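A quick write-up on the structure given underneath.
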């Protein structure tokens, strides 16, 4: 909402991530799922793994942000998982079916004066 307000009469809007924070994470069997960016927004991400009814031995892995699907991929095992604009996957082995595993423990960092100076350079 604040970005929309800033853009009402603006020609250009510059946004800057002031600090890295801590990315949210989750573990599903042998797979570690990590939000690509630090901050509390990663806590709104949920991963769902379901068996593919059309192709035996494969799984549908969906990434949800606040309940809306933002990515979907079909894989046979964890090694085939590809990172998407929201999360990265690490690990190997067979996939485990889950109705939804939320990422958690993401936190915002505390901006410093140096962070503000880097933006202004």
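Residue numbers (the numbering used here): 8 to 128.
C-beta atoms are modelled at their ideal positions from N, C-alpha and C, and glycine is treated no differently.
All values reported here derive from a predicted model rather than from experimental measurement.
Taking the Cβ atom as the reference point for each residue, do residue 55 and residue 106 lie within a distance shorter than 8 Å?
Indexing the chain shown from 1 puts residue 55 at position 48. Indexing the chain shown from 1 puts residue 106 at position 99. In terms of Cβ geometry, residue 55 and residue 106 form a close pair [threshold 8 Å].
One question on the structure: do residue 94 and residue 67 come within less than 8 Å of each other, judged by their Cβ atoms?
Here residue 94 refers to the residue found at position 87 of the chain shown. Here residue 67 refers to the residue found at position 60 of the chain shown. The answer is no: Cβ separation not under 8 Å.
Rounded to a whole number of angstroms, what is the C-alpha to C-alpha distance between residue 22 and residue 98?
As a working note, residue 22 is residue 15 in the chain shown. As a working note, residue 98 is residue 91 in the chain shown. Between the alpha carbons of residue 22 and residue 98 lies a distance of about 33 Å.
Quick one: give me the first and last residue of the alpha helix (DSSP H) that residue 13 is part of.
Taking the chain shown and counting its residues from 1, the one referred to as residue 13 is at position 6. Run containing residue 13: 9 to 13, per the alpha helix (DSSP H) assignment.
With a threshold of 16 other CB atoms inside 10 Å of the CB of residue 17, please say whether the residue is buried or exposed.
Position 10 of the chain shown, counted from the first residue, corresponds to residue 17. Residue environment: residue 17 is assigned as exposed (fewer than 16 neighbouring CB atoms within 10 Å of its CB, all protein chains considered).
If I'm right that residue 113 touches residue 29 with Cβ under 8 Å, what's the distance once you round it to whole angstroms?
The residue given as residue 113 occupies position 106 in the chain shown. The residue given as residue 29 occupies position 22 in the chain shown. Separation of the CB atoms of residue 113 and residue 29 is rounded to 6 Å, and the pair is thereby assigned contact status at 8 Å.
Apart from the five residues on each side of it in sequence, which residues of its chain come closer than 7 Å, Cβ to Cβ, to residue 64?
For the purposes of this step, residue 64 is taken as residue 57 along the chain shown, with counting starting at 1. Around residue 64: 83.
To the nearest angstrom, how far is the alpha carbon of residue 47 from that of residue 20?
In the chain shown, the residue the question calls residue 47 occupies position 40. In the chain shown, the residue the question calls residue 20 occupies position 13. Looking at the two C-alpha atoms, the distance is approximately 23 Å.
Backbone CA spacing between residue 73 and residue 85 [nearest angstrom]:
For the purposes of this step, residue 73 is taken as residue 66 along the chain shown, with counting starting at 1. For the purposes of this step, residue 85 is taken as residue 78 along the chain shown, with counting starting at 1. Cα to Cα, residue 73 sits roughly 24 Å from residue 85.
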